[in-house]
Structure formats: C-alpha cells, structure tokens
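Chemist: Sharing a structure here in structure tokens format.
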Amino acid sequence: MRDTSNRCWARRTAAVGGAALSAVVLGQLALTAPVAAVPGLVVKTSVGPSTSSAKTQNTVCPAGTKVIGGGAVLTGSGLGQVGLDIMLPLADANLYSVTGREDPNGVAGNWAVTTSAICAPAPTGLEVVTGHSATDSVNPKFREVSCPIGKRAIGGGGAALALGSGASDVLLEDVRIHLNSVTVAGVEAGGDFAGNWSLDIAVICADPLPGEQRLSTDSAFGSLASQSVTATCPAGTRVHGVGGEVVGGDGQVRLTELRPTSSTTVTVRAAEDENGFSGSWKVRAYAVCAT
50 MRDTSNRCWA
60 RRTAAVGGAA
70 LSAVVLGQLA
80 LTAPVAAVPG
90 LVVKTSVGPS
100 TSSAKTQNTV
110 CPAGTKVIGG
120 GAVLTGSGLG
130 QVGLDIMLPL
140 ADANLYSVTG
150 REDPNGVAGN
160 WAVTTSAICA
170 PAPTGLEVVT
180 GHSATDSVNP
190 KFREVSCPIG
200 KRAIGGGGAA
210 LALGSGASDV
220 LLEDVRIHLN
230 SVTVAGVEAG
240 GDFAGNWSLD
250 IAVICADPLP
260 GEQRLSTDSA
270 FGSLASQSVT
280 ATCPAGTRVH
290 GVGGEVVGGD
300 GQVRLTELRP
310 TSSTTVTVRA
320 AEDENGFSGS
330 WKVRAYAVCA
340 T
C-alpha cells in the first residue's frame with residue numbers, strides 16, 4: 050500500500066486457510082499470445098453482463114492447460130464506487146474468478162467485469178498455495194504466502210471479504226508478486242467499516258522459468274480522479290504473471306483494472322471514490338516475464 054512501509058507492515062495479521070467462491074461461467078472469447086517459456090501459453094478473456102449489481106465473471110482455461118495467472122478490468126459507470134474485491138485463481142476448477150461489487154451507496158448506471166486468465170500446459174513444479182488472514186476488525190490487513198523452497202511465484206490473486214456484507218465495504222488494494230511469494234493487502238472503504246473482515250490469497254508456484262525477469266512500474270504521485278500505469282516486458286520476453294497495487298489511497302481509491310493487456314504488457318488502473326481524495330496516491334504494476 051503506502052511507501053511508508055514500516056508502519057503498515059507492522060500491522061500484518063497471520064493465519065492459514067483457503068478460499069472458496071461460487072461462480073457461473075459465462076460466454077468467452079480467446080486471445081492467443083505468442084509461444085513463450087511455457088509452451089502453448091494463451092490468454093483467454095470473458096466478458097460479463099453490463100448491469101448495476103454485484104457479479105462474478107469466470108474465465109476457464111482450455112482442456113490440456115492450467116491457470117497460471119489472471120486479472121480483470123471494470124467498464125461502465127461509477128468505477129470509483131465498484132471494487133474488484135475478489136480476484137482469485139481457482140485451481141480445482143481451472144479458472145480465474147473475479148467478483149465486482151458496488152460500494153454501500155450503490156451506482157445508478159451499469160457496469161461490467163471482463164476477466165482474463167493466463168493458461169498454459171502445466172509448467173514444471175506447478176502447484177497452488179492458499180492462505181487466509183484472521184477475521185477481525187484490524188485495518189489495514191496484509192497476508193503473505195510463500196511457495197515451497199526452490200519454487201517461484203508466477204501468479205496469484207486475493208480477496209477482501211467483509212463478514213455479512215454484499216457490498217464493497219473493504220477494498221483489495223494490493224496483489225504483489227515477489228520472487229517466491231505473493232502479498233495481498235486490504236483496507237476498509239473510507240476507513241469506517243464497523244464489522245469484521247478478512248483476506249484470502251492464492252499463490253501459483255512453479256520451478257524457475259527460462260529467462261525469467263520481474264519488473265515493476267509506477268505512475269506519478271498525484272491526486273487525480275483516475276491513474277494508470279503499464280509495465281512492459283523486456284524485448285524477447287512475454288508476460289507470464291501479473292500483479293498490482295494502490296499506494297497511498299487510504300481506502301478512497303479502488304482498483305478498476307489489473308490484467309495482462311497484451312502478450313508483453315500488464316496494466317493497472319485505479320479511481321478515486323465519489324467523494325474524491327485530497328491526498329496523493331499512485332498505482333504500481335508488476336510483471337513476471339520469461340523468454
């Protein structure tokens with residue numbers, strides 16, 4: 050979240066568990082990326098309905114492939130009031146699942162979720178490790194889950210879950226991909242949710258990829274209604290994993306896009322809520338690249 054990491058990281062919570070989500074698979078259209086370090090790698094994208102209600106959009110990987118990453122983008126009205134609060138790879142169902150929810154004030158217009166899944170024949174050593182934070186009122190929350198020794202984190206996702214609420218009362222702010230772990234962070238919307246909430250996390254692990262490189266790119270600090278940034282893989286490499294975060298949003302800035310936007314780029318976008326935000330903030334995009 051913030052660059053003042055010592056204060057935030059001191060407030061981490063720790064627990065272990067897993068994540069489960071219900072889902073309905075909608076229509077899909079496939080976009081094929083060039084062959085890369087994982088032979089047969091493709092990006093599949095599915096577009097959900099445009100309505101004014103909470104919705105889950107799943108993208109299923111083709112037969113013979115496994116989900117190794119993914120993300121989503123929101124389109125339509127009221128984007129600063131709609132949260133991408135659940136973005137998780139579900140290994141058992143071989144899909145990437147994303148849920149968008151409106152804040153407690155609701156949105157008058159329609160909006161849609163488009164979900165992307167990075168799919169490939171199982172890379173060597175593929176496994177998914179999950180975790181769960183404590184369910185309480187501590188704000189903000191952080192949860193980091195590591196891969197087994199010798200394996201690298203190539204993808205993942207997280208969920209911010211408010212107990213007993215169907216609205217975007219808590220925001221998923223960070224999905225940071227490190228060398229062998231993933232960290233997710235959540236924060237209460239506006240800092241004023243009175244109930245208990247938790248974080249779920251899933252980390253996609255595999256043996257090191259050929260030509261593997263990791264990079265992050267930041268937007269400029271500012272107080273704009275919306276900001277975006279794109280991380281671009283070096284020449285000769287392709288995107289194999291994605292991540293992103295909001296830095297300094299204080300629960301008033303929501304992620305509206307975190308996904309692979311081409312075979313070589315990852316784009317992260319966020320928007321201030323309907324009240325605006327007087328402080329400065331930025332977004333950061335992470336890309337796991339390989340030849």
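Count the sequence shown with this note's numbering and you get residues 50 to 340, in order. By construction, the Cβ of each residue, glycine as well, lies at the ideal position given by its N, Cα and C atoms.
Count the other CB atoms, across all protein chains shown, that sit within 10 Å of the CB of T100; report buried if there are 16 or more and exposed otherwise.
Modeler: exposed
Chemist: Assign E237 to one of two classes, buried (16 or more other C-beta atoms within 10 Å of its C-beta) or exposed (fewer than that).
Modeler: buried
Chemist: Just to confirm the assignment: which complete beta strand (DSSP E) runs, minimum length 3, are found wholly within the segment 130 to 178?
Modeler: Those beta strand (DSSP E) runs which fall completely within the segment 130 to 178 and span 3+ residues are 131 to 139, 144 to 151, 160 to 169.
Chemist: Please state whether the Cβ-Cβ distance between G120 and L307 is less than 8 angstroms.
Modeler: yes
Chemist: Between the C-alpha atoms of L175 and T313, what's the straight-line distance to the nearest angstrom?
Modeler: 22 angstroms
Chemist: Count the C-beta pairs between the segment 248 to 260 and the segment 136 to 144 that are closer than 8 angstroms, then say yes if the count reaches three, no if not.
Modeler: yes
Chemist: When the Cβ atoms of the segment 272 to 283 are set against those of the segment 317 to 334, are three or more pairs found closer than 8 angstroms?
Modeler: yes
Chemist: Considering only C-alpha positions, which residue in the set A216, V156, N245, V233 is nearest to T179?
Modeler: V233
Chemist: Comparing C-alpha positions only, which one of V296, V92, L128 sits nearest to T266?
Modeler: V296
Chemist: Output needed for L80: all residues of its chain with C-beta closer than 6 angstroms, excluding positions within five of it in sequence on either side, in chain order.
Modeler: With a pLDDT of 37 at L80, under the threshold of 50, the modelled position of this residue cannot be trusted, and the question is left open.
Chemist: Taking the C-alpha atoms as reference points, what is the distance between A202 and E193?
Modeler: 12 angstroms
Chemist: Buried or exposed: where does S268 fall if 16 or more other Cβ atoms within 10 Å of its Cβ makes it buried?
Modeler: buried
Chemist: If you run the structure through DSSP and keep just helix, strand and coil, what is A238?
Modeler: helix
Chemist: On the DSSP bridge assignment, give the partners of T281 in chain order.
Modeler: Bridge partners of T281: T314.
Chemist: I'd like the span of the beta strand (DSSP E) that includes I226, first residue to last.
Modeler: 219 to 226
Chemist: Suppose you measure from the CA of T62 to the CA of V96; what does that come to, to the nearest Å?
Modeler: Confidence is the limiting factor: at T62 the pLDDT is only 35, short of 50, which leaves the residue's position unreliable and the question unanswerable from this model.
Chemist: CA-CA distance, R225 and E294?
Modeler: Each residue's Cα considered, the two are about 7 angstroms apart.
Chemist: Assuming D152 and S247 are in contact, meaning their beta carbons sit under 8 angstroms apart, how far apart are those beta carbons, in whole angstroms?
Modeler: About 19 angstroms; that fails the 8 angstroms criterion.
Chemist: According to DSSP, which residues form a beta bridge with Q262?
Modeler: C338
Chemist: Checking 8 angstroms against the spacing of the C-beta atoms, do S195 and N229 come in under that value?
Modeler: Yes, these two residues count as a Cβ contact at 8 angstroms.
Chemist: On the three-state DSSP scale, how would you describe L210?
Modeler: strand
Chemist: As a quick exercise: from H289, V302, V122, pick the residue whose alpha carbon is nearest that of F148.
Modeler: Residue identity check: residue 148 is Thr in the sequence provided, not Phe. Ranking H289, V302, V122 by Cα distance to T148 puts V122 first.
Chemist: Near A336, what residues of its chain come up, given a Cβ to Cβ distance below 6 angstroms and the 5 sequence neighbours on each side ignored?
Modeler: L264, A280, C282, V288, V315
Chemist: Is G235 closer than 8 angstroms to S214 when the C-beta atoms are compared?
Modeler: no
Chemist: Helix, strand or coil: how does DSSP classify E321 here?
Modeler: strand
Chemist: Among residues of its own chain, excluding the 5 on either side of H227, which ones have a beta-carbon nearer than 7 angstroms to its beta-carbon?
Modeler: A202
Chemist: Once DSSP output is grouped into helix, strand and coil, what is the label at L123?
Modeler: The answer is strand: DSSP assigns L123 an E or B state.
Chemist: Tell me whether L307 sits in a helix, a strand or coil according to DSSP, three-state version.
Modeler: strand
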